[in-house]
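First comes the structure, then the notes that go with it.
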């Protein structure tokens with residue numbers, strides 16, 4: 074009997090790959106190995122509905138509990154991969170077990186980059202897992218002070234959610250503007266204004282130089298502009314690194330083997346839609362099918378009740394054309410480079426999304 078497909082990573086990419094294999098008619102063994110003790114769940118709600126208390130953990134699982142049994146997909150949870158022998162086609166687990174494979178899908182995601190000196194401080198954390206989200210939620214008491222270091226999408230969402238819970242939020246970004254890789258400066262400024270209008274203290278162009286601690290807790294952050302931010306809890310969201318140390322080899326070298334595939338953060342699919350697309354492509358390769366053409370890159374977020382949807386690469390633009398009033402809750406923006414659309418943004422305008430997608434796909 075074939076050793077089948079081993080999917081290392083119990084997140085969205087791992088789950089979607091297993092689904093695509095079964096939907097595509099694959100009949101061999103499929104096993105998902107997850108580092109967390111939880112079955113695959115959806116991560117976008119961690120910084121929104123789950124953090125706000127509008128949803129609980131069981132409501133964000135990707136498939137009901139019986140799905141894996143019905144589809145004959147084995148789950149090994151809470152036992153992270155620690156090593157790979159590509160010649161023997163085996164993955165070693167923390168428990169000491171080894172799992173053979175015919176095809177391997179690497180979907181182990183990423184780990185957060187933390188501030189130097191934050192190790193061991195009980196009120197300094199990242200937000201990558203459901204347990205992280207529940208820990209953060211417990212700390213967000215009305216009137217408490219939250220310092221968010223980094224102003225990417227997750228930080229923006231956490232700031233919005235925390236402020237609704239009556240938390241005093243300070244958002245700290247080392248760059249002159251947030252989301253430099255995703256937004257044109259005009260759109261980034263609009264986002265900053267939205268956060269400040271909601272009462273969030275946004276600090277731009279300043280970095281954390283020192284964590285002031287007392288009794289094993291951070292009590293303040295000293296910034297490079299000479300100011301100090303006092304905090305009861307600190308969320309660090311300054312970047313991620315692919316979780317690939319367990320591979321023992323360079324990922325690109327491993328991907329030169331026809332039986333090894335990758336999806337999600339480890340393959341550059343940092344956003345939800347890209348991770349799912351890469352997972353389906355990995356399944357198609359295993360099934361011997363031609364992967365679909367790469368789709369338009371996209372992302373979305375919900376901030377202060379406003380759905381923001383981005384497409385393409387607005388940061389590459391030299392001109393922005395706005396349709397509507399940026400002071401109003403609904404507008405669209407098309408990012409142009411040399412007169413050609415390279416990105417777009419829809420703010421509370423879901424009906425405009427098909428038009429923007431078509432515009433960018435046409436180039």
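Numbering (the numbering used here), first residue to last: 74 to 436. The C-beta atom is built at its ideal place from N, Cα and C for all residues, glycine as well.
Going by DSSP, residue 258 is part of the alpha helix (DSSP H) stretching over 258-270. Listed in chain order, the non-local C-beta contacts of residue 373 below 6 Å within the same chain comprise 382, local neighbours out to five positions each way being set aside. Sorting 238, 214, 97 and 278 by C-alpha distance to the C-alpha of residue 244 places 278 at the top. Straight-line measurement puts the Cα of residue 385 at about 31 Å from the Cα of residue 107.
The bridge partners DSSP lists for residue 410 are 413. Sequence-distant partners of residue 171 (beyond 5 residues in either direction) whose C-beta falls short of 6 Å from its own C-beta, in its chain, are 163 and 165. By the Cβ-count criterion, residue 198 is buried, with 16 or more other Cβ atoms from all chains shown falling within 10 Å of its own Cβ. Just measuring C-alpha positions, the residue of 324, 335, 390 and 286 sitting nearest residue 81 is 335. Taking 3 residues as the minimum length, the beta strand (DSSP E) runs contained wholly in the stretch 194-260 are 218-222 and 241-246, in order along the chain. Residue 386 sits in coil when the DSSP states are folded into three classes, being neither helix nor strand. Taking C-beta separations shorter than 6 Å and ignoring five residues to either side along the sequence, the partners of residue 153 in its chain run 108 and 167, following chain order.
Taking every protein chain shown into account, the CB of residue 96 has fewer than 16 other CB atoms within 10 angstroms, so this residue is exposed. Per DSSP, the unbroken alpha helix (DSSP H) holding residue 427 starts and ends at 426-435.
When DSSP states are grouped into helix, strand and coil, residue 120 belongs to the helix group. By alpha-carbon distance to residue 330, the top candidate from 158, 76, 111 and 112 is 158. The alpha-carbon of residue 405 is positioned some 18 Å away from that of residue 377. Under the three-state reduction of DSSP output, residue 287 falls in the strand class.
Here the stretch 195-210 makes contact with the stretch 113-129; the two share three or more CB pairs at distances below 8 Å. Straight-line spacing of the CA atoms in residue 305 and residue 320 works out to 38 Å. By DSSP's assignment, residue 394 forms a beta bridge with 407. Counting the other CB atoms within 10 Å of its CB gives residue 266 a total below 16, which places it among the exposed residues. Collapsing the DSSP output to three states places residue 134 in a strand.
A distance of 7 Å or more separates the beta carbons of residue 348 and residue 93. By the CB criterion at 7 Å, residue 135 and residue 104 fall outside the cutoff. Looking at the backbone, the Cα of residue 396 and that of residue 431 are separated by about 16 Å. Residue 89 sits close to residue 352, with the two beta carbons spaced by under 7 Å. Residue 347 carries a helical assignment under DSSP once its states are collapsed to helix, strand and coil. Here residue 419 carries a strand assignment [DSSP, helix/strand/coil].
According to the DSSP assignment, residue 334 belongs to the beta strand (DSSP E) that extends over 333-335. According to the DSSP assignment, residue 325 belongs to the alpha helix (DSSP H) that extends over 324-327. Counting only the Cα atoms, residue 422 lies some 38 Å from residue 144.
The DSSP-derived three-state label of residue 93 is helix. DSSP places residue 163 inside the beta strand (DSSP E), whose first and last residues are 163-166. In the DSSP annotation of this structure, the continuous segment of the beta strand (DSSP E) that includes residue 176 starts and ends at 176-179. For residue 261, the closest alpha carbon among the candidates 173, 387 and 333 is that of 387. Spanning the alpha carbons of residue 294 and residue 326 requires a straight line of approximately 41 Å.
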